[in-house]
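Note sheet for the following structure.
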Amino acid sequence: MTNVVLTVPNYAPLTAHIIEPDHAERQSVEQFICQRYWMKFNACLHELPRRILVVRDQQRQLIAACAIQYADERPLFSECYLPNTIQDTLAAHGIVAQRQQLAEVGSMACLRPRDLAPLVSAIVCYLTQQQKQALIFTATAPLRRFLKHLQLPLQRLADASADALSGDSVARWGDYYQSQPQVMAGRLCDGHFLLGKVSDRMSQPDDRHQDEQVISGHASGHWESVAC
Numbered sequence: 000m001t002n003v004v005l006t007v008p009n010y011a012p013l014t015a016h017i018i019e020p021d022h023a024e025r026q027s028v029e030q031f032i033c034q035r036y037w038m039k040f041n042a043c044l045h046e047l048p049r050r051i052l053v054v055r056d057q058q059r060q061l062i063a064a065c066a067i068q069y070a071d072e073r074p075l076f077s078e079c080y081l082p083n084t085i086q087d088t089l090a091a092h093g094i095v096a097q098r099q100q101l102a103e104v105g106s107m108a109c110l111r112p113r114d115l116a117p118l119v120s121a122i123v124c125y126l127t128q129q130q131k132q133a134l135i136f137t138a139t140a141p142l143r144r145f146l147k148h149l150q151l152p153l154q155r156l157a158d159a160s161a162d163a164l165s166g167d168s169v170a171r172w173g174d175y176y177q178s179q180p181q182v183m184a185g186r187l188c189d190g191h192f193l194l195g196k197v198s199d200r201m202s203q204p205d206d207r208h209q210d211e212q213v214i215s216g217h218a219s220g221h222w223e224s225v226a227c
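In numbering that gives the first Met the number 0, the protein residues as written are 0 to 227.
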């Protein structure tokens, strides 16, 4: 079992750690993610990657989680959408990194919209500690709106089309592909530079409410949970 615990940058009350398959809380963490994907997309996730990054509040309540896959361990799920190798695709967008320096983030799930920002902060912090240079992920339209609103410098690599999957796989994803997912990438150094800015925005009630409206796409900004 890997025991990695970190304080989420700029979110002093929050902590993050890695949950691997032999962790006592693995099943409950997987349920947290899968329930939100089922509620949001009628999607049935299975075989999550070995590492799951979780964020907890002061009461140790699980408020956010995502899966992390290192590119040098196995093919990345997002690679099925790309016409070329991940290294060639990234290089064409000005991101130069070796495969061992790449990581994929997926299955992002949050208790509330406001928990997405600290999850992003934890992702950047953890992958920077692991000496990764760039990350790749498939983002739904609401997630892209949120990241664009924060002015994070990301590159669009390709549309994530259901045509890249087999029939059985498409069925398991429910309505996910109606959210117009796209494959995105970014450099960890860019994200680390902007963590303070993200924290400052989310610490202000008016800005936090505005950001939640961006995620939800409507004026109330109220979601019971988030999957993206």
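Just so you know, even glycine gets a beta-carbon here, dropped at the ideal spot from N, CA and C.
Bear in mind that the values here come from a model prediction, so they are computed numbers and not experimental data.
Residue from the options whose Cα sits closest to the Cα of residue i
i      : options                        : result
Ile51  : Trp37, Ile85, Gly93, Val104    : Val104
Phe11  : Met38, Tyr36, Gln26, Arg55     : It should be noted that the sequence gives Ala, not Phe, for residue 11. If we check each option's Cα against that of Ala11, Arg55 comes out closest.
Val7   : His22, Tyr175, Pro180, Gln57   : Gln57
Trp172 : Ala116, Phe145, Thr139, Met183 : Thr139
Lys147 : Met183, Pro20, Thr127          : Met183
Leu61  : Val28, Leu187, Arg98           : Val28
Ser77  : Ile135, Phe145, Leu13          : Ile135
Val95  : Pro48, Ile122, Lys131          : Lys131
Arg59  : Ala170, Thr127, Gln86, His16   : His16
Asn9   : Ser120, Leu47, Val169, Lys39   : Ser120
Leu149 : Gln86, Ala116, Ile67, Arg98    : Ala116
Glu72  : Pro48, Thr84, Asp174, Phe40    : Pro48
Ala66  : Thr84, Gln99, Glu46            : Glu46
Leu142 : Ser168, Pro112, Gln128, Ser165 : Pro112
Nonlocal neighbours in the same chain, by C-beta distance under 6 Å from residue i, ignoring five residues either side
i      : result
Thr88  : Leu81, Leu156
Gln179 : Ala140
Tyr36  : Ala42, Leu44, Ala226
His92  : Gln154
Gln128 : none
Met38  : none
Beta-carbon proximity list for residue i, same chain, < 7 Å, skipping 5 on both sides
i      : result
Pro152 : Gly185, Asp189
Ile18  : Glu24, Arg25, Val28, Ile51, Val53
Leu126 : Ala102, Leu134, Leu187
Arg98  : Ala70, Asp71, Gln86
Asn83  : none
Asp174 : Phe40, Asn41
Ser165 : none
Nearest-angstrom Cβ-Cβ length linking residue i and residue j, presumed shorter than 8 Å
i      : j      : result
Leu101 : Ala70  : 4 Å
Met107 : Cys227 : 5 Å
Ala261 : Tyr176 : This structure cannot settle anything about residue 261, because the visible part of the chain is limited to 0 through 227.
Proximal residues to residue i (C-beta, below 8 Å), its chain only, five neighbours per side dropped
i      : result
Thr137 : Phe76, Ser77, Tyr80, Gly105, Ala159, Pro180, Gln181, Val182, Met183
Thr14  : Val4, Leu5, Thr6, Val7, Val54, Arg55
Ser168 : none
Burial state of residue i (16 or more Cβ within 10 Å)
i      : result
Asp114 : buried
Ala90  : exposed
Pro74  : exposed
Ala170 : exposed
Gln30  : exposed
Gln68  : buried
Ser219 : Note that Ser219 scores a pLDDT of 44, beneath 50, so its modelled location is shaky; the value from the coordinates is reported in the next line. With fewer than 16 Cβ atoms within 10 Å of its Cβ, Ser219 is classed as exposed.
The ligand MN heavy atom lying under 6 Å from the CB of residue i
i      : result
Arg113 : Among the components of this structure there are no ligands whatsoever, and the ligand MN is therefore not found.
Complete beta strand (DSSP E) runs within the stretch 50-84 (minimum length 3 residues, chain order): 50-55, 61-69
Unbroken stretches of the alpha helix (DSSP H), 4 residues or longer, contained in the stretch 137-175: 140-148, 166-171
Completely contained alpha helix (DSSP H) runs for the stretch 13-47, where each covers 4 or more residues: 25-40
Entirely enclosed alpha helix (DSSP H) segments - the stretch 78-126, minimum 4 residues: 85-91
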